[in-house]
Amino acid sequence: MRSWWGLVALACLALAGSCGRPSEAVARMVTRPVTWTQDGVRFDSVLVYDDVVSGHRPGLVMVPNWHGVNAIAIDKARMIAGHDYVILLTDLYGAAIRPTDDAQAKAAVKPLMADRALLRRRMARALAELRAQAASAPIDLSRLAAIGFCFGGTAVLDLARSGADVRAVISFHGDLATDAPSLARGIRASVLAMNGADDQWTMPDLPAFLQEMSQTPTAWQFVVIGHAVHCFTETEATGSSGMCRYNEDAARRSYELMRGWLAAHFTAARP
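Put into structure tokens, the structure is as follows:
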């Protein structure tokens, strides 16, 4: 396995030394390791934010696709964080598991998809760790949310189902199925899920998801993005065919919807 600290160090070098505090007022991203242990397993995540922008800002738990925390996911977290958010890019597998291909990713995700209670516990710990980072990072604890991509979308929907105290949860092309539909009655977050109209992996579960979400007392929305398949925000999914393919227009529109949803529900009064 490639050294985790080496990966973060490379990210820092790529960002011109951004792991330290900047000496001049230029946009520069902090990329800082955050480690915890749960049930005897060590998890290595990354905190990402612009250290030059003044003032506290919303904190987001971000769960990447099934390849987990890697250089591509760190770049994506940096792009989303910008001047606007502090992001905890979250490791849900454990530090010893870093998939390098789809076969390894499928093996890594399988135990969590088979034990959704375990997935929810790991997500709850990630949220607690994001909260803890407010002691040293500019996080506004009154404005917390979670976003996730593919498997990560599934994970953040399960965080919402757990009744977590966050303002919003946003799933990009995530699996919509659940082991416990009745948990939706306890959702406290405002939920936005976005899936491609031609996503043959997730859309068959849409009717059940809509029925499930009809039970939640909070605001929720499901957006169908036309002419998109699975993985539409994943820049590395470059094939011209197949069911996992990046779509620049769909990605742009979904990020716009994300930012609008977050802005609306960070300013709205809590129910």
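Counting with mature numbering (1 follows the signal peptide of the UniProt record, and there is no 0), you get residues -27 to -1, 1 to 244 for the letters of the sequence shown. Note that beta-carbon positions come from the ideal geometry of N, C-alpha and C, so glycine has one too.
Residue of the options minimising C-alpha distance to residue i
i           : options                        : result
Ala68       : Ile47, Arg104, Phe16           : Phe16
Glu209      : Ala224, Arg158, Met86, Ala97   : Ala224
Ser135      : Ser115, Lys83, Gly147, Met96   : Met96
Val82       : Gly215, Ala237, Val42          : Val42
His146      : Pro180, Arg218, Arg158, Arg116 : Arg218
Val139      : Trp9, Leu183, Phe239           : Phe239
Asn168      : Ser27, Leu149, Leu91, Trp234   : Leu149
residue 283 : Arg116, His56, Thr8            : Residue 283 lies beyond the residue range present for the chain, which begins at -27 and ends at 244; the question has no answer from this structure.
Pro6        : Val14, Gly13, Ser18            : Ser18
Asp172      : Val129, Asn220, Pro190, Ala128 : Asn220
Ala87       : Met186, Phe124, Asp75          : Phe124
Exposed unless 16 or more other CB atoms sit within 10 angstroms - verdict on residue i
i       : result
Lys49   : buried
Ala137  : buried
Val34   : buried
Glu102  : buried
Leu100  : buried
Pro37   : buried
Gly121  : buried
Gly126  : buried
Ala(-3) : Only weak support is given to the placement of Ala(-3): the predicted model assigns it a pLDDT of 44, under 50, and the question is left unresolved by the model.
Ser155  : exposed
Thr206  : buried
Ala241  : exposed
Ala118  : buried
Ala201  : buried
Asp222  : exposed
Ser80   : Reading off the sequence, residue 80 comes out as Ala, not Ser. Classification for Ala80: exposed.
Cut-off 8 Å between Cβ atoms - residues of its own chain near residue i, not counting five sequence neighbours on either side
i      : result
Tyr22  : Met2, Val3, Arg30, Ala54, Tyr58, Val59, Ile60, Ala110, Pro111
Arg89  : Asp131, Thr151, Asp152, Ala153
Arg51  : Leu(-13), Met2, Thr4, Val21
Leu114 : Gly32, Arg104, Ala107
Asp178 : Asp148, Leu149, Ala150
Gly28  : Pro111
Trp234 : Ala141, Ile143, Ser163, Leu165, Gln194
Tyr228 : Ile53, Thr206
Cβ separation of residue i and residue j, assumed to be a contact under 8 Å, to the nearest whole Å
i      : j      : result
Gly199 : Ala170 : 5 Å
Arg98  : Gln11  : 5 Å
Arg158 : Gln188 : 5 Å
Ala46  : Leu62  : 6 Å
Val14  : His56  : So it is not a contact: roughly 34 Å between Cβ atoms.
Sequence-distant residues of the same chain with beta carbon closer than 6 Å to residue i, five excluded per side
i           : result
Ala133      : Val142, Ile160, Ala162, Val164
His40       : Pro72, Ala78
residue 245 : No statement about residue 245 is possible, as the shown extent of the chain runs from -27 to 244 and does not include it.
Ala192      : Ser163
Trp9        : Phe16, Glu102
Ile70       : Ala81
Phe182      : Leu149
Cut-off 7 Å between Cβ atoms - residues of its own chain near residue i, not counting five sequence neighbours on either side
i       : result
Gln194  : Leu165
Trp174  : His203, Met216
Arg(-7) : With a pLDDT of only 38 at Arg(-7), under 50, the local geometry of the prediction cannot be trusted, and no value is derived from it.
Val197  : Asn168, Ala170
Arg226  : Ile198
Gly212  : Arg218
Ala128  : Val36, Leu65, Leu92, Met96, Gly121
Met176  : Asn168
Leu85   : Leu65, Leu91, Leu92
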